[in-house]
Amino acid sequence: MNFQQLRFVREAIRNNLNLTEVAAVLYTSQSGVSKQIKDLEDELGIDLFVRSGKRLTSVTRAGDGAVEIVKRILLETENLRRYASQYSGVDTGQLIIAATHTQARYTLPRVVEQFNNEFPKVKLELHQGTPNQVAAMISNGEADIGIASEVLDQSPDILAYPCFSWNHQVIVPQDHPLVKKAPVTLADIAEYPLITYNPQFTGRKCVDAAFSQAGLVPDFRLTAMDADVIKTYVERGLGVGIVAEMALDGIEKSGLTVLETEGALFGSCTTLVAVRNGTFLPSFAYRFLETFAPNLRLEDLKSA
593 MNFQQLRFVR EAIRNNLNLT EVAAVLYTSQ SGVSKQIKDL EDELGIDLFV RSGKRLTSVT
653 RAGDGAVEIV KRILLETENL RRYASQYSGV DTGQLIIAAT HTQARYTLPR VVEQFNNEFP
713 KVKLELHQGT PNQVAAMISN GEADIGIASE VLDQSPDILA YPCFSWNHQV IVPQDHPLVK
773 KAPVTLADIA EYPLITYNPQ FTGRKCVDAA FSQAGLVPDF RLTAMDADVI KTYVERGLGV
833 GIVAEMALDG IEKSGLTVLE TEGALFGSCT TLVAVRNGTF LPSFAYRFLE TFAPNLRLED
893 LKSA
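Numbering (the working numbering), first residue to last: 593 to 896.
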């Protein structure tokens with residue numbers, strides 16, 4: 593048994609049992625992957641995978657438990673490396689951040705710039721995805737820190753902490769009829785086609801809940817994954833936009849304006865930061881967290 597065999601098993605799970613993709617990720621041949629996994633099974637005396645010819649089709653019952661052990665072994669191996677690096681006195685290594693587009697585009701640039709200035713020898717890698725994808729990357733050990741406004745607090749193997757709260761804002765072209773009607777209500781904007789986030793993105797639940805509680809049925813004419821796309825179509829006059837307030841920088845330059853509303857129409861949403869339970873984080877990772885969320889109690893995170 594060797595670590596390479598364990599990595600092949602883990603990557604097989606991550607890549608939906610597609611050995612061609614596993615081989616590409618690990619820079620080896622498909623036949624080599626298949627042989628190493630089979631050698632491991634022979635040594636263990638159990639089948640980890642169900643096969644159809646040379647293809648892996650599913651995980652066996654015995655494989656389910658074995659895969660979890662494999663993940664833990666590799667996680668602790670990485671923890672050991674990081675632990676040793678912590679005491680080597682050199683701030684080097686890699687930090688992988690998984691975030692939604694809104695967080696990556698609007699809240700992280702300042703943090704990344706400051707972090708890069710403090711730790712020039714640490715390689716930062718930024719992965720973008722849906723909240724579910726961010727959670728999966730943290731859970732699978734593919735990312736060290738996850739940032740999103742949804743989902744992250746719903747997995748038992750993820751530790752999620754609230755960072756800051758924010759609101760949605762309503763945007764329209766500067767010559768839109770609602771500009772003269774401000775402050776506007778939910779009923780006012782519900783009279784127009786709406787452009788906002790997909791249901792799984794950027795606090796969309798807050799938007800849906802607000803209309804539902806008001807007994808209104810909005811016409812979501814177009815939905816998108818990020819604010820830049822939403823603003824583009826609002827600018828073209830296709831509807832009234834609802835975007836996260838952190839996405840408003842420089843909005844006047846695009847010919848749009850933020851409507852004055854009667855209070856916070858959609859309540860407040862919370863951005864969460866998450867790490868995998870049991871993962872050893874180097875000191876520079878805590879510094880990144882501190883820079884991103886100054887109000888986060890790092891002692892709670894370290895003890896957890």
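Yeah, the Cβ is synthetic: ideal placement off N, Cα and C, and Gly gets one too. Quick caveat: nothing in here was measured; it's all calculated off a predicted structure.
Three-way DSSP call (helix, strand, coil) for residue i in this model
i: R643; result: strand
i: L666; result: helix
i: V614; result: helix
i: L830; result: coil
i: Q766; result: coil
i: L744; result: helix
i: Y878; result: helix
i: S621; result: coil
i: G738; result: strand
i: P791; result: coil
i: G685; result: strand
i: F872; result: coil
i: T699; result: helix
i: R653; result: helix
i: R606; result: helix
i: E852; result: coil
i: R813; result: strand
i: F595; result: helix
i: L864; result: strand
i: F756; result: strand
i: L672; result: helix
i: K773; result: helix
i: L888; result: coil
i: I750; result: strand
i: L636; result: helix
Cβ neighbours of residue i in the same chain (closer than 6 Å, five flanking residues each side left out)
i: S860; result: S757 and N759
i: I739; result: A691, Q695 and V865
i: C798; result: F858, G859 and C861
i: A806; result: L778
i: L609; result: L648
i: E854; result: P775 and T777
i: S650; result: V642
i: A816; result: I822
i: A654; result: I638
i: K715; result: Q686
i: E863; result: In the sequence as presented, Glu is not what sits at residue 863; that position holds Thr. Cβ neighbours of T863 beyond the five flanking positions: S741, C755 and F756.
Same chain, Cβ closer than 7 Å to residue i, five either side skipped, listed in chain order
i: T794; result: T692, T694, S741 and A836
i: I750; result: A727, I730, S731, L744, A866, R868 and N869
i: S846; result: K823 and E827
i: Q761; result: V835, E837, L840 and V850
i: I665; result: L598
i: T883; result: V703, Q706 and F707
i: F812; result: L786 and T788
i: V662; result: L598, V601 and R602
Whole-angstrom C-beta distance between residue j and residue i, which should lie under 8 Å
i: Q720; j: A696; result: 5 Å
i: R879; j: E710; result: 7 Å
i: P775; j: E852; result: 5 Å
i: I737; j: L881; result: 7 Å
Beta-carbon proximity check, residue i vs residue j, cutoff 7 Å
i: P785; j: G831; result: yes
i: T669; j: K713; result: no
i: L814; j: I834; result: no
i: V601; j: L611; result: no
i: L687; j: A877; result: yes
i: A819; j: A839; result: yes
i: L718; j: I689; result: yes
i: C755; j: A616; result: no
i: M593; j: E635; result: yes
Own chain partners of residue i with C-beta closer than 8 Å, once the 5 adjacent residues on each side are dropped
i: I843; result: I763, K823, T849 and V850
i: D841; result: Y698
i: R765; result: Reading the sequence as shown, one finds Pro at residue 765 and not Arg. Excluding sequence neighbours, P765 sits near V826, E827, G829, G847, L848 and T849.
i: S621; result: A615
i: V809; result: A782 and F803
Any chain D beta carbon closer than 7 Å to residue i
i: L851; result: Of the protein chains in this structure there is only one, and it is not chain D.
Any non-hydrogen atom of the ligand ATP closer than 6 Å to residue i Cβ
i: N709; result: Among the components modelled here there is no ligand, and therefore nothing to report on the ligand ATP.
Review point. Contact between the region 769-789 and the region 723-739: three or more CB pairs below 8 Å?
Key: no
Exercise for review: For the region 595-607 and the region 620-634, state whether three or more C-beta atom pairs, one from each stretch, are separated by less than 8 Å.
Suggested key: yes
Point to revise | Contact between the region 764-773 and the region 711-725 (3+ Cβ pairs under 8 Å) | key: no
Practice item. Count the C-beta pairs between the region 631-646 and the region 696-708 that are closer than 8 Å, then say yes if the count reaches three, no if not. Key: no
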